[in-house]
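Comments concern the structure below.
So this is what it looks like as structure tokens:
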């Protein structure tokens with residue numbers, strides 16, 4: 033995540049925010065929710081014996097110009113899905129009570145359970161109509177000819193499910209995600225061992241390049257599965273490593289931005305170390321000039337929409353650290369520091385994952401440490417982190433609001449408050465004076481640059497702000513406006529460089545920790 037002057041990204045047209053209102057042109061339904069759901073369960077069919085205990089499903093799939101296969105296995109409450117698209121292998125699943133995901137570089141993260149909205153919706157629908165709140169029949173649609181059920185339980189998300197009037201099977205689901213309506217359509221229903229399932233799934237989020245198609249090629253229930261079929265993938269060889277540690281990463285800190293110079297095919301390219309980035313990013317023009325292998329075209333969105341591709345970087349020399357065979361994202365990205373130094377990309381999760389990164393903001397130095405021999409620094413405080421979205425999530429407090437979910441973001445100039453926090457805690461999101469004064473003195477300074485476009489904001493001074501046991505009576509935040517793609521779903525805000533510059537920082541992703549130790553800037557201001 034990036035909030036910086038001097039950033040230029042060739043974005044697409046600005047995206048309107050969908051308010052989640054019901055589908056248009058519905059008419060009154062001539063049935064009840066109970067009758068629709070009863071007919072739906074009857075249409076699905078009934079299995080006997082241990083048919084539902086396990087399943088194996090294979091698909092062909094296309095997405096963002098990529099094509100390949102998906103292999104999915106389930107056993108009771110456990111599952112594993114492996115996708116092989118144009119030679120790239122990703123996976124996710126649940127095993128022994130742990131949710132996990134694996135990216136294109138083979139790096140596996142365990143999920144903390146932050147994102148529960150889909151599970152809440154599914155639970156509400158299972159218990160409807162007897163015990164569930166937030167599930168109701170809202171009418172009939174003509175195209176498709178279907179009964180439309182709204183699912184919107186507390187803690188869930190808004191979705192609209194279309195049950196075919198003739199078969200009562202699901203034709204379509206409209207699901208709200210980050211201010212967009214993602215549309216799932218289902219057809220080619222077939223009966224396998226007594227159960228009826230769709231063999232064709234089409235997904236469209238309304239963005240160019242992002243249509244996904246899946247077609248079942250084989251489906252089997254009651255398969256004998258072992259733990260090996262469902263277990264987490266083994267840890268791969270790290271993509272980043274060094275002969276000896278501590279290792280220099282040829283980095284410096286300019287205006288609190290961590291700039292690292294990397295060698296790529298005989299050329300030097302500056303990267304920003306950005307813990308708010310879920311991977312490695314490289315400017316498309318640089319990737320094209322160096323003839324890096326690229327795959328697919330997907331429309332991504334952060335501050336705005338942009339087109340990105342997967343790119344394989346054969347070798348990157350980052351000081352004494354070597355990064356080999358790394359999958360990254362190429363997109364139109366150019367940034368300059370205040371002193372005019374060009375920056376051609378971001379070093380995010382995939383780079384930070386394999387080392388412990390020590391950032392000394394006061395002295396402007398960066399070094400990589402071995403996660404195998406790393407010892408927590410003396411007099412530093414440890415913050416547990418979650419990496420559900422491949423970015424470090426920490427817990428903070430503001431006013432009376434405790435256990436807030438904040439992103440720790442070395443790429444952000446300013447700390448932010450997001451819509452979720454402001455909506456849920458209006459008394460704690462009241463300005464204490466400075467924000468109002470800033471708006472009065474500079475009424476037209478109300479947006480900043482991020483990857484893909486501009487983000488509107490308003491300044492707000494609030495507090496106390498508590499971080500890892502330190503309490504600051506007041507802190508100036510920016511409050512983002514109408515920016516769901518930028519905010520991350522289920523996040524309350526982010527901690528940026530304005531906070532981090534007061535510490536020595538150790539990013540220890542391998543052990544799910546970040547360590548903070550106050551520096552002289554901290555002591556001069558707060559003692």
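Numbering (the numbering used here), first residue to last: 33 to 559.
Cβ atoms here follow ideal geometry from the backbone N, Cα and C, with glycine treated the same way.
Same chain, Cβ closer than 7 Å to residue 290, five either side skipped, listed in chain order:
283, 304, 305, 391, 398, 442
Quick one: Cα of residue 41 to Cα of residue 242, how far?
Summary for residue 41: the model assigns pLDDT 47, below 50, so the residue's position carries little reliability, and this model does not support an answer.
Would you mind sorting residue 332 into buried or exposed? The rule is 16 or more other CB atoms within 10 Å of its CB.
buried
Could you give the residue range of the alpha helix (DSSP H) that holds residue 506?
Per DSSP, residue 506 belongs to no alpha helix (DSSP H) and is neither H nor E.
If distances are taken between C-alpha atoms only, which option among 128, 361, 369 comes closest to residue 260?
128
Supposed contact pair residue 415 and residue 500 - C-beta distance, whole angstroms, cut 8 Å
5 Å
Give me the Cα-Cα distance between residue 384 and residue 308, rounded to the nearest whole angstrom.
11 Å
Considering only the alpha carbon of each residue, which of 169, 526, 222, 404 lies closest to residue 63?
169
Going by the CB atoms, is the gap between residue 200 and residue 71 shorter than 8 Å?
yes
Give a yes or no on whether the C-beta atoms belonging to residue 203 and residue 178 are separated by under 8 Å.
yes
Opposite residue 416 in the DSSP bridges: which residues?
545
Beta-carbon contacts of residue 131 that lie in its chain and below 6 Å, excluding the five residues immediately before and after
143
Could you spell out the range, first to last residue, of the alpha helix (DSSP H) harbouring residue 18?
Because the chain is modelled from 33 through 559, residue 18 falls outside the range shown and cannot be assessed.
What did DSSP end up calling residue 491 once you bin it into helix, strand or coil?
strand
So what's residue 104 in DSSP terms, helix, strand or just coil?
strand
Got a sec? Which residues, its chain only, sit under 6 Å from residue 534 by beta carbon, not counting five neighbours each side?
553, 554
Can you find the residues in the same chain that come closer than 7 Å, C-beta to C-beta, to residue 92, ignoring five residues on each side of it along the sequence?
101, 247, 249
Candidates 340, 557, 186, 133, of which the one nearest residue 262 by Cα:
133
With a threshold of 16 other CB atoms inside 10 Å of the CB of residue 325, please say whether the residue is buried or exposed.
exposed
Our contact map puts residue 257 next to residue 86 with C-beta atoms below 8 Å; I'd like the distance itself, whole angstroms only.
5 Å
Go ahead and label residue 456 buried or exposed: buried means 16 or more other beta carbons lie within 10 angstroms of its beta carbon, across all protein chains shown.
exposed
Taking buried to mean at least 16 other C-beta atoms within 10 Å of its own C-beta, is residue 36 buried or exposed?
Bear in mind that the predicted position of residue 36 carries a pLDDT of just 49, short of 50, making it unreliable; the figure below should be weighed with that in mind. Buried.
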